[in-house]
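Protein chains in written order, with the working numbering: chain A, -11 to 120; chain B, -11 to 120.
2 protein chains.
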Amino acid sequence: MADLRLGDLEVAVLEDLWGAGADHAKAVHGRLGGRRGISLNTIQSTLERLYRKGLLERTKEGHAYTYAPAMERERLLARLIEGATAPVAGSDGADTLLTAFVDFAAEQDEAALDRLEALIARKRSRDSEGRG
Amino acid sequence: MADLRLGDLEVAVLEDLWGAGADHAKAVHGRLGGRRGISLNTIQSTLERLYRKGLLERTKEGHAYTYAPAMERERLLARLIEGATAPVAGSDGADTLLTAFVDFAAEQDEAALDRLEALIARKRSRDSEGRG
DNA sequence: TAAAAAAACCGACCAATGATCGGTTTTTTG
DNA sequence: CAAAAAACCGATCATTGGTCGGTTTTTTTA
């Protein structure tokens, strides 16, 4: 379940469903198909692939599947980070990766470190509050 | 220069050179080839590919190339994070990604958030010191 | 209930990329 | 100059994502 490769269309479909919440292949195609000149079949295959990857859930409503994201964007991002870095992040504890991320964040913009700290604080308070 | 896919062998070779600092194809093959039952040619191709990707530098010493990592592990990790997440990290500012990372870190182990904070603090002081 | 419409399902092809190497040329060097 | 070492060239294979056409199954609906 580790490494997760996503193509352009797969990401586009995910984006679409994060926006729409849950929908049928046809509707997704309606929104993305035109812009890309892509057939409904292609969208169906892509939905199926995302489903097999565990990134979409689906339920049969009447005759057609309704697809919905199986996780939020943040969760997927976390898995992508994990998948992309795990093979390279040495076994010397996770600090290499934490360091790398701090460097990365600092490169983005000056205020990023502040926001990162704030998010840590919020995460802490939520966790302690919510369960324990 | 964005997306960066690394195969198993490519990562193994990078690891090897982060350890060795700089070396010839033959030496890398000496260390990795046996374990994998891989030919010297395969190692050479892989070094070449990594070189083309900008992940290794090389200089001709005598008749053979000496390859060395073009960046440290942390820098590569940062690029992998960027490459893996950029297509999915919405355009709503970088906070989605920061949040995802905080979640990810928190999942790793309890103390990770503490270390992350410490690293932020250190990064800050280094930066202001260095070019303040 | 039988035809028409809709959607799933199946299988196929293409392109890119990483792993893998054999063989040939070039460069050293003894 | 001959032998050894390494680069260089090109070729094959597997996997994966994008792309469909055609067939079967399921629903409608006339």
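All C-beta atoms in this analysis are idealised placements derived from N, C-alpha and C, irrespective of residue type, glycine included.
| Query | Result |
| --- | --- |
| Separation of I108/B from E(-2)/B, as counted between CA atoms | 31 Å |
| Between the CA atoms of S27/A and H17/A - distance to the nearest angstrom | 8 Å |
| CA nearest to the CA of F89/A, picked from R37/A, L104/A, L(-6)/A and M59/A | L104/A |
| Proximal residues to Q96/B (C-beta, below 6 Å), its chain only, five neighbours per side dropped | none |
| Residue-level contact to chain B via CB, G78/A, 8 Å cutoff | yes |
| is_contact[P75/B, chain A] using C-beta, thresh 8 Å | yes |
| Selection of the segment 11 to 45 of chain B by Cβ proximity to chain A, strictly under 7 Å | none |
| Expected contact under 8 Å - CB spacing of E45/A and A58/A to nearest Å | 5 Å |
| T87/A to G9/B span [Cα, whole Å] | 21 Å |
| Rounded separation between L123/B and G25/B - CA only | Within the shown structure, residues of chain B are numbered from -11 to 120, placing residue 123/B beyond reach of any answer. |
| Through-space distance from A99/B to S113/B, alpha-carbon basis | 22 Å |
| Cα-Cα separation between A15/B and A56/B, rounded to whole angstroms | 12 Å |
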